[in-house]
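Structure first, then comments.
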Amino acid sequence: MDVILISAAEHDGLPLDCGLRFTNAHTTSADFAESRLALLTGQYQQRKPQTRIEEIIPLTATEYLGEGGLQLIECRRFDMDVSDLNPEAVIVAVSPNPVDDDYSTPFVVRWPGVTKPGTVCTELVSTLDIVPTIAAITGVDTRPNAPLSVDGMNLTPVIRYGAAGHRALFYDNQEVITVDAHLKDGTLTADEDSPDTAHQLQDQWNLWKQIMSMGPLQ
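Sequential numbering from 57 applies to the sequence shown in the working numbering.
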């Protein structure tokens, strides 16, 4: 199946009502360049990844793609009408620019026959998940030691069946975001019924930091 990935610096203009909108989506960094790198590689920028999605999945800019192709649209502001794009293609629209200090960002997936316009998903997801999701849709292997290995999660089970998203997302400065908690500067902000503790999240962050020091996955 063909996929169109729209990555826009500005949030205005993104076709957020065209499919399933993720309302708990986050970038990997407050820095645009770092966030964009993670988005296009599926790896945390701390790894210094080098293999971008278009190096693995055939890239074309034609209106109607070949089977399993990828069209990458990077722009400052998306001003096109979605109806002008291939109606049979999956559309993933996102911004590497976070909205707030919790790294939240707009993110929507239109998958003909699977998603419905104007629907929402509240699962915790990341822009890291875009590459493995597109890979799964186009049939590219992302298992460990595959040509395209990733930190992100394949979201097709989330999209199709309502499966769970991430347990936690990790950031520099010992920051961790979960579905119902946020650890920042050693202070935990959490819902009353959250099972997370500052100590547990700090331990998870320490492990993540060690893994990041191992370098890129491929």
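Virtual Cβ for every residue (Gly too), placed ideally from N, Cα, C.
In this text the structure is predicted, and so the values were computed from the model without any measurement.
Close Cβ partners of residue i (< 7 Å) along its chain, the five nearest in sequence each way excluded
i: phenylalanine 226; result: Val232, Trp261, Trp264
i: glutamine 106; result: Pro272
i: proline 188; result: Gly98, Thr198, Val206, Gly208, Met209, Asn210
i: aspartate 73; result: Pro173, Gly174
i: alanine 145; result: Asp58, Val59, Ile60, Leu121
CA-to-CA distance, residue j to residue i, given in whole angstroms
i: isoleucine 62; j: alanine 246; result: 33 Å
i: isoleucine 190; j: aspartate 252; result: 31 Å
i: leucine 126; j: lysine 240; result: 37 Å
i: glutamate 111; j: threonine 97; result: 10 Å
i: glycine 195; j: glutamine 274; result: 19 Å
i: glutamate 248; j: aspartate 236; result: 9 Å
i: asparagine 142; j: serine 91; result: 27 Å
i: aspartate 158; j: histidine 222; result: 15 Å
i: tyrosine 120; j: aspartate 137; result: Note on tyrosine 120: pLDDT 46, under 50, position unreliable in the model; no value is reported.
i: threonine 130; j: alanine 64; result: Reading the sequence as shown, one finds glutamate at residue 130 and not threonine. Looking at the two C-alpha atoms, the distance is approximately 6 Å.
i: proline 154; j: aspartate 87; result: 9 Å
i: alanine 219; j: valine 181; result: 12 Å
i: threonine 118; j: threonine 79; result: With a pLDDT of only 46 at threonine 118, under 50, the local geometry of the prediction cannot be trusted, and no value is derived from it.
i: aspartate 156; j: proline 203; result: 34 Å
i: threonine 234; j: glutamine 266; result: 20 Å
Those residues which DSSP pairs with residue i across a bridge
i: isoleucine 60; result: Gln127, Ile147
i: cysteine 74; result: According to DSSP, cysteine 74 bridges with nothing at all.
i: lysine 240; result: Thr243
i: isoleucine 109; result: According to DSSP, which records beta bridges pairwise, isoleucine 109 is partnered with nothing at all.
i: isoleucine 277; result: Because the chain here runs from 57 to 274, residue 277 falls outside it and cannot be looked at.
i: threonine 234; result: Ala224
For residue i, the nearest candidate out of the options (CA to CA)
i: threonine 171; options: Pro162, Ile109, Val214; result: Val214
Residue burial classification, residue i (beta-carbon count within 10 angstroms, cutoff 16)
i: threonine 243; result: exposed
i: threonine 290; result: Residue 290 is absent from the structure shown; the chain starts at 57 and stops at 274.
i: aspartate 68; result: exposed
i: histidine 255; result: exposed
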